Amino acid sequence: MSRTALRICPLCEATCGLTLTIEGTRVTGARGDREDVFSKGFICPKGASFGAVDGDPDRLRTPLVREDGALREATWEEAFDAVAAGLRPVVERYGPDAVGVVLGNPNVHTMAGALYPQVLLGALRTRSLFTASTVDQMPKHVSSGLLFGDANAIPVPDLDHTGHLLLIGANPLESNGSLCTAPDFPGRLKALKARGGRLTVVDPRRTRTARLADRHLAIRPGTDALLLAAMAHTLFAEDLVDLKDLTPHVQGIDELRSAMDDFTPEAVAPACDLDAGEIRTLARELAAAPAAAVYARIGSCTVPHGTLASWLVDVLNVLTGNLDRPGGALFPQAATDRTPRPAGPGRGFALGRWHSRVSGHPEAKGELPLAALAEEIDTATDEGTPVRALIAVAANPVLSAPDGDRLDKALDSLDFMVAVDPYLNETSRHAHVVLPPPPPAQSPHHDFAFNTLAVRNQVRYTRPAVPLEPGRMAESEILARLILAATGMHGTDPAAVDALVVDQTLGKAVQDAHSPVHGRDPRALAARLTGDNGPERRLDMMLRLGPYGDGFGARPDGLILEKLLAHPHGIDLGPLSPRLPQPLRTRSGKVELLPGPIAGDLPRLRAALRERPAGLVLVGRRHLRSNNSWMHNVPALTGGSNRCTVHIHPEDAARLGVVDGADVRVKGAGGEVVAPAEVTDGVRPGVVSLPHGWGHDRPGTRLRHAATDPGVNVNQLLDGSLLDPLSGNAVLNGVPVELVASLAQP
Ligand SMILES: Nc1nc2c(c(=O)[nH]1)N[C@H]1C(S)=C(S)[C@@H](COP(=O)(O)OP(=O)(O)OC[C@H]3O[C@@H](n4cnc5c(=O)[nH]c(N)nc54)[C@H](O)[C@@H]3O)O[C@H]1N2
Ligand SMILES: Nc1nc2c(c(=O)[nH]1)N[C@H]1C(S)=C(S)[C@@H](COP(=O)(O)OP(=O)(O)OC[C@H]3O[C@@H](n4cnc5c(=O)[nH]c(N)nc54)[C@H](O)[C@@H]3O)O[C@H]1N2
Ligand code: SF4
Ligand SMILES: [Mo]
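With positions in the sequence shown counted from 1, the corresponding number in my numbering is that position plus 649.
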């Protein structure tokens, strides 16, 4: 007998609602949930393969513990004993900074990843924090921090209402969108065109998204900041700046105007390899559109001027009056956000409060660059101690971060490492203890992060579709026990972690004059929380304290967990709507258009006006049926066009003697890789492309299908030294490489 259950898909940022078919405890099918308030039935090939992803036989079923050099299956008790025994001596002997914490991408796709790592960091007090953000969107956080005073205040394009979208360095037809949560992104782009809107795509590759566009500009990689600066210049020069309702909320416009002086379209055109007239047209169209949004992603972030490009995106939205305007780019309001405080000056955003030990990289948002993890482990300095122990949660930096070979060796040298990961893979194979979370069907789901980035305000929660198998432990409990083991409280009831968070949160809320529970008794409030377990009670608490919440009875119609459970397809909370000046937390209480650190970085951008790299540069790409480093083990999602090949333009191929299908050697600062060439005019001349997350041929892993077609690790071409200086974000795109067709032809 089969049954169905609802489950929000955790496999990308689109957060589609799925209807799973379940036989016994096995997921045998998945289709889009047509009644889902947000995704309305949309599903992609990854979501459709949910059952295969969930049921992958290579997923670990029990913890692993290293004994005499080899990993063996162990009980949970043995595993946490080993974690406490491994971590505590390092903390006690060398101090908390000797324990590194690495948080990978899937933490934003699990409830546990949203609820526990912050508690761990608060309790452990280590400054050695490295996350996927610094190989991804850290430039956007830094730019939002500086512009708006809040690193997490990220404007999202109003996809469903805009009349004009300038989309830069993103390929949502493969990625399904990022920092813009929109189930059926492709359909929403088609709807934009159908209502007469205009779509421009800036990408060195002619992607599926570019092919849908009205206009595609194949920019030279790494130069988007120049293009955007020239657009800002044009708006000023042609008197097209029109702040509309934003005028009272913005400061620094005159300073910005002079800062843009040098970036004329003629000055940037040769560096970007674009036409100056076309750049002017882009600016004029943006200004003329009734409502428009500029949106940029990976290709604009993971480059040497990532923070400047991210900043200029929002500068253009401001200069055209499109920030915080329907059809423009708005700040979402999630159900688990805190109840908005009244507008007014805030504390601002600080950068570089401390620096990395070896290279002196400034922290950003409390993090050090993931690209510097290897050196923080393998390099001694006069002051401070190297990282001696590591806690890795949902992270595979051996493939995801620069110079995996160096990191591989560094991880091997650690005194102790624990990995919370469902797979024994390139990174977790170094751990002394591996703690495997259950597959997604056995886990609850709520999108704490992505609802703050969604094109429509809505809230959904799904309980586990399948009960925990015997011997499994919920990821929330794994992380709670890990926190206790890491902080000297091994053996304490893990429920204490949630209870502590609830106590602290409510204790603060009752003292906050703007909180709906101001002045009430925190213990009485805690007693009202419902939910089957700690994570559910914490969700209930956040909903009740949130902008749509019941305020623990203060607003009786408001949101509580019970109400959410009564709406299994979610609750729609309406379209994005203007919120300024409330979200601003800058010291001035305004949008600070030209913050000091940005102004300080502009000379570097001026110098880039003269740069014309002669050789080939490398960019990445994503495939619809893949996801970073961990989905190559699912047969249904591999093969076909989802392959680790070097895309090269026919002109470059002819010049270098590269033949379609033959192996080519690609050399970069960090090493070299050999992969088959795919000759295609889908990349512009001067650019080659390799996807990331491949290279599954290291010994000691348990990824049997992935190992049959391992591909190569593109990040081996990087040596980790190229960073965007303000954010510490790794440069992964526009990287200089050499290409040699040195191997035998097929
Ligand atoms: N060259 C190049 N490199 C890149 C990129 C690029 O575009 N080009 N993109 C970068 C970006 S944007 C990102 S976000 C990073 C991603 O890189 P990572 O942060 O390493 O993330 P993933 O590869 O998605 O997965 C990491 C680990 O999470 C595990 N995992 C999967 N599901 C779960 C779960 O439910 N719980 C737990 N605990 N673990 C789970 C997987 O087994 C895997 O080992 O890669 C970056 N690297
Ligand atoms: N199928 C699939 N979906 C995913 C993922 C996945 O691995 N596979 N990963 C998820 C993650 S972690 C993230 S962060 C998102 C990322 O989501 P997107 O940002 O949409 O990611 P990409 O598809 O890599 O698109 C980046 C584009 O930037 C282009 N590009 C490279 N360099 C430059 C440049 O200098 N300038 C410009 N203008 N363009 C450039 C590349 O050619 C590429 O087409 O996707 C998420 N969704
Ligand atoms: S688009 Fe993303 S969230 Fe939706 S089904 Fe596909 S992988 Fe899942
Ligand atoms: Mo990412």
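Quick reminder that beta carbons are idealized off the backbone N, C-alpha and C, glycines included.
The structure displayed is predicted, hence computed values, not measured ones.
Contained alpha helix (DSSP H) runs [length at least 4] in the stretch 1114–1193, N- to C-terminal order: Runs of the alpha helix (DSSP H) inside the stretch 1114–1193: 1124–1135, 1144–1160 and 1171–1177.
Run of the alpha helix (DSSP H) containing L965, from where it starts to where it stops: The sequence position of residue 965 within the sequence shown is 316, counting from 1. Start and end: G955 to L968.
D785 CB to nearest heavy atom of ligand 4 below 7 Å: In the sequence shown, the residue the question calls residue 785 occupies position 136. True, at least one ligand heavy atom lies under 7 Å from that Cβ.
Any C-beta of chain D under 8 Å from that of G1344: Chain labels in this structure do not include chain D; a single protein chain is all it has.
Residues bridged to C729 [DSSP beta-bridge criterion]: Here residue 729 refers to the residue found at position 80 of the sequence shown. Just to set this straight, residue 729 is Phe in the shown sequence, not Cys. As far as DSSP is concerned, F729 takes part in no beta bridge.
Beta-carbon proximity list for H898, same chain, < 6 Å, skipping 5 on both sides: As a position in the sequence shown, residue 898 is number 249, starting the count at 1. Close CB contacts of H898 within its chain, under the 6 Å cut and outside five residues either way in sequence, are with L1229, P1230, K1239 and V1240 (chain order).
Nearest-angstrom Cα separation, counted from H954 out to V851: Within the sequence shown, numbered from 1, the residue matching residue 851 stands at position 202. Within the sequence shown, numbered from 1, the residue matching residue 954 stands at position 305. Cα to Cα, the separation comes out at about 16 Å.
Which of helix, strand or coil DSSP assigns to M1066: As a first step, residue 1066 is located in the sequence shown; it is residue number 417 there, counting from the start. Secondary structure of M1066 (DSSP, three-state): strand.
S792 and S959 closer than 8 Å at C-beta: Numbered from 1 along the sequence shown, position 143 holds the residue referred to as residue 792. Numbered from 1 along the sequence shown, position 310 holds the residue referred to as residue 959. For the pair S792 and S959, the CB atoms are nearer than the 8 Å cut-off.
Identity of the residue in R1304, A916, C921 and C661 nearest P1262 by Cα: Counting from one through the sequence shown, the residue named residue 1262 turns up at place 613. Relative to P1262, the option among R1304, A916, C921 and C661 whose CA is nearest is C921.
CA-to-CA distance, G1319 to L1073, given in whole angstroms: For the purposes of this step, residue 1073 is taken as residue 424 along the sequence shown, with counting starting at 1. For the purposes of this step, residue 1319 is taken as residue 670 along the sequence shown, with counting starting at 1. The C-alpha of G1319 is placed about 25 Å away from the C-alpha of L1073.
Range covered by the alpha helix (DSSP H) that runs through F699: Translated into positions along the sequence shown, residue 699 becomes position 50. Where F699 is concerned, the enclosing alpha helix (DSSP H) stretches over F699 to D703.
L667 burial status per 10 Å Cβ neighbour count (16 or more: buried): Start at 1 with the first residue of the sequence shown, and residue 667 comes out as number 18. Label assigned to L667: buried.
Exposure of A1038, with buried meaning 16 or more beta-carbon neighbours within 10 Å: For the purposes of this step, residue 1038 is taken as residue 389 along the sequence shown, with counting starting at 1. A1038 comes out buried.
Coarse secondary structure for G1317, derived from DSSP in three states: For the purposes of this step, residue 1317 is taken as the residue at position 668 of the sequence shown. Note: G1317 maps to strand in three-state DSSP.
Validate contact between the stretch 1040–1052 and the stretch 1069–1086 using beta carbons, cut 8 Å, 3 pairs: Segments in contact, yes.
Residue burial classification, E1327 (beta-carbon count within 10 angstroms, cutoff 16): As a position in the sequence shown, residue 1327 is number 678, starting the count at 1. Taking every protein chain shown into account, the CB of E1327 has 16 or more other CB atoms within 10 angstroms, so this residue is buried.
Whole-angstrom C-beta distance between E1025 and R996, which should lie under 8 Å: Reading the sequence shown from its first residue, position 347 is the one you call residue 996. Reading the sequence shown from its first residue, position 376 is the one you call residue 1025. 28 Å between Cβ atoms; not a contact.
Helix, strand or coil at V1384 according to DSSP, with G and I counted as helix: For the purposes of this step, residue 1384 is taken as the residue at position 735 of the sequence shown. Of the three classes helix, strand and coil, the one that applies to V1384 here is strand, per DSSP.
For I1209, three-class secondary structure by DSSP: Working through the sequence shown from its first residue, we reach residue 1209 at position 560. Note: I1209 maps to coil in three-state DSSP.
Euclidean distance between Cα positions of T1287 and C1293: If you number the sequence shown from 1, residue 1287 lands on position 638. If you number the sequence shown from 1, residue 1293 lands on position 644. Linking T1287 to C1293 through their CA atoms gives a straight-line distance of about 10 Å.
Rounded distance between the beta-carbons of H1081 and M760, thought under 8 Å: Taking the first residue of the sequence shown as 1, we reach residue 760 at position 111. Taking the first residue of the sequence shown as 1, we reach residue 1081 at position 432. Not a contact, Cβ separation roughly 27 Å.
C-alpha distance - L709 paired with E672, whole-angstrom precision: Here residue 709 is taken as the residue at index 60 of the sequence shown, counted from 1. Here residue 672 is taken as the residue at index 23 of the sequence shown, counted from 1. Distance between the alpha carbons of L709 and E672: 21 Å.
Nearest to P989 (by Cα), restricted to the options Y1197, Q1107 and D1221: The count along the sequence shown starts at 1 and reaches residue 989 at position 340. For the options Y1197, Q1107 and D1221, the alpha carbon positioned closest to that of P989 is the one of Y1197.
Cα-Cα separation between L972 and P804, rounded to whole angstroms: In the sequence shown, counting from the first residue as 1, residue 972 sits at position 323. In the sequence shown, counting from the first residue as 1, residue 804 sits at position 155. Going from the Cα of L972 to the Cα of P804 covers about 8 Å.
Distance cut-off 7 Å: H1281 Cβ against heavy atoms of ligand 1: Mapped onto the sequence shown, residue 1281 falls at position 632. Answer for H1281: no, Cβ out of range of ligand 1.
T951 vs L1251 beta-carbon contact at 8 Å: Indexing the sequence shown from 1 puts residue 951 at position 302. Indexing the sequence shown from 1 puts residue 1251 at position 602. In this structure, L1251 does not lie closer than 8 Å to T951 by Cβ.
Cut-off 8 Å between Cβ atoms - residues of its own chain near D910, not counting five sequence neighbours on either side: Within the sequence shown, the letter at position 261 stands for residue 910. Non-local C-beta neighbours of D910 in its own chain, meaning closer than 8 Å and more than five positions away in sequence, comprise H882, ordered along the chain.
Chain-order list of residues whose beta-carbon lies under 7 Å from that of E722 (same chain, five-residue window excluded): For the purposes of this step, residue 722 is taken as residue 73 along the sequence shown, with counting starting at 1. Here E722 has T711 and L713 as same chain residues with Cβ atoms under 7 Å from its own Cβ, once five neighbours each way along the sequence are excluded.
C-alpha distance - L1194 paired with A984, whole-angstrom precision: Numbered from its first residue, the sequence shown carries residue 1194 at position 545. Numbered from its first residue, the sequence shown carries residue 984 at position 335. Near 9 Å, if we compare the C-alpha coordinates of A984 and L1194.
Closer than 7 Å: G977 CB and nearest ligand 3 heavy atom: As a working mapping, residue 977 is identified with position 328 in the sequence shown. Flag unset: Cβ of G977 not near ligand 3.
Reduced DSSP secondary structure (H/G/I, E/B, other) of P1011: Stepping through the sequence shown from its first residue, residue 1011 is reached at position 362. Under the three-state reduction of DSSP output, P1011 falls in the strand class.
Pair within 8 Å by beta-carbon distance, P1340 and G1269: Along the sequence shown, one-based indexing puts residue 1340 at 691. Along the sequence shown, one-based indexing puts residue 1269 at 620. Using a Cβ distance threshold of 8 Å, P1340 and G1269 count as a contacting pair.
Buried versus exposed, by CB contacts within 10 Å (16 or more), S1049: Stepping through the sequence shown from its first residue, residue 1049 is reached at position 400. Counting the other Cβ atoms within 10 Å of the Cβ of S1049 gives 16 or more, which makes it buried.
Contact the stretch 740–749 vs the stretch 764–782: 3+ CB pairs below 8 Å: A contact exists between the stretch 740–749 and the stretch 764–782.
Cβ pair E823, H1296 closer than 8 Å: In the sequence shown, residue 823 corresponds to position 174, counting from 1. In the sequence shown, residue 1296 corresponds to position 647, counting from 1. No, these two residues do not count as a Cβ contact at 8 Å.
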